[in-house]
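The block underneath contains the structure these notes are about, expressed in structure tokens.
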Amino acid sequence: MNTNIFDFTIRGHDLSSVSTFEELALQTQNYGAESLQLALGVSFPDFPSGAENLNPGMGNKIEKILARKGIDIAILSCYINIIHPNIEEREKLLHKFETYVKYAKFFGASLVATETGGVFPEIKFTEKNYTEKVFQETVKVIKRLVKCGEKNGILIGIEPGLNHPVHSLDKVVRLINEVDSENLSIVLDPTNLINADTWQSQVELVDEALRLFGDKIGAFHIKDFIITNGIIKPVNLFNGLMKAEEILKKISKRSPGSIIVLEETKDFAIRDAINRIKNTK
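Residue numbers (UniProt numbering): 1 to 281.
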């Protein structure tokens, strides 16, 4: 497995003792990662990061701080409920996302990512997300976001999941076909698409995703897990049931150089996981 050209990426908020951008850059470097999936408001709750706060200077400054340690922003996170049932609240959220897209280039990011959310204000599982009406509403909103991406030269990353309207590989294919834009990208998290009954098909799921829309996958989330009382719970990579090495081999063969986000792998476990991947033949 050629892992040397993987873009090893971590979420900034998987580092537990970071209070400044300088510390974020240093710890990311120390743990062997090269890039960040940065959610400003999650990593730095007290840092002003709303739609009214973003500006070119902010992006440039953060990019410079990270670059001093050889770190870049692979994904700028703005995870919102894009189909929030309160239309006024939805519009505020969409405006925030579009603002992140507008300023992403100043942060050095080429991809802004979100999940789709659902029919309830809070994110939770419901089959009400699975109706055709909700899917079409989701497509309509994503078309709007992608149009903003096209205007600004930024990829719009959509992360499917069982709790969302885009909850299967078939729905991803439909989304890609209906949006029909080079600026739509998929953030594939295999663990988000399995449950306690289907987890053993995780490798086949990745195989099928690569076959169906491999050219549209902008990043992969590698999130290990255990199953407790029928519920999937995230754990540090290589501490759970994820067949990570097998999955990474398939990604390496089909999409070398991909952004690999070690989601939910925390602190010192990041270095251990990256070293193990690099030493895998």
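C-beta atoms are modelled at their ideal positions from N, C-alpha and C, and glycine is treated no differently.
| Check | Outcome |
| --- | --- |
| Determine the extent of the beta strand (DSSP E) in which L38 is found, giving its start and end residues. | S35 to L38 |
| Expressed to the nearest angstrom, what Euclidean distance is found between the alpha-carbon atoms of H84 and R271? | 38 Å |
| In chain order, what residues of the same chain have a beta carbon less than 6 Å from the beta carbon of R90, not counting five sequence neighbours either side? | H84 |
| Below 8 Å CB to CB, which residues in the same chain sit around L193 once its five sequence neighbours on both sides are set aside? | P160, G161, L162, H167, S168, L169 and L205 |
| Who are the near neighbours of P190 in its chain, counting only those whose CB is closer than 6 Å to its CB and skipping five residues on each side? | Q202, L205 and V206 |
| Check whether the Cβ atoms of V139 and V179 lie closer than 8 Å to each other. | yes |
| Based on Cα-Cα distance, which residue from K249, L237 and F107 lies nearest to K266? | L237 |
| Would R11 be called buried (16 or more neighbouring beta carbons within 10 Å of its own) or exposed? | buried |
| Return helix, strand or coil for H221, following the three-state DSSP convention. | strand |
| Quick check on I247 - is its C-beta less than 8 Å from some C-beta in chain D? | In the structure shown, chain D cannot be found, because there is only a single protein chain. |
| Give the straight-line distance between the Cα atoms of K133 and I260, rounded to the nearest whole angstrom. | 33 Å |
| With a CB to CB cut of under 7 Å and the five nearest residues on each side skipped, what residues in its chain are close to E150? | S181 and N183 |
| Report the rounded CA-to-CA distance for residue 297 versus K124, giving the unit in angstroms. | Shown here, the chain extends from 1 to 281; a query on residue 297 therefore has no answer. |
| Ignore the nearest five residues each way along the sequence and tell me which others in A244's own chain have a CB closer than 7 Å to its CB. | I222, D224, L237 and F238 |
| Does the Cβ of Q27 have 16 or more other Cβ atoms within 10 Å, making it buried, or fewer, making it exposed? | buried |
| What is the rounded straight-line gap between the Cα of L76 and the Cα of N30? | 21 Å |
| For the beta strand (DSSP E) that contains V261, what are its first and last residues? | I259 to V261 |
| Within its chain, find whatever has a CB closer than 8 Å to the CB of G32; leave out the 5 residues flanking it on each side and keep chain order. | F8, I270, R271, I274 and N275 |
| Per DSSP, which one or two residues make a beta bridge with D72? | S35 |
| If you draw a straight line from the C-alpha of A25 to the C-alpha of L94, how long is it? | 29 Å |
| Is it true that the CB of S258 sits closer than 8 Å to the CB of F213? | no |
| Given a threshold of 16 other Cβ atoms within 10 Å of its Cβ, counted over all protein chains shown, does D215 qualify as buried or as exposed? | exposed |
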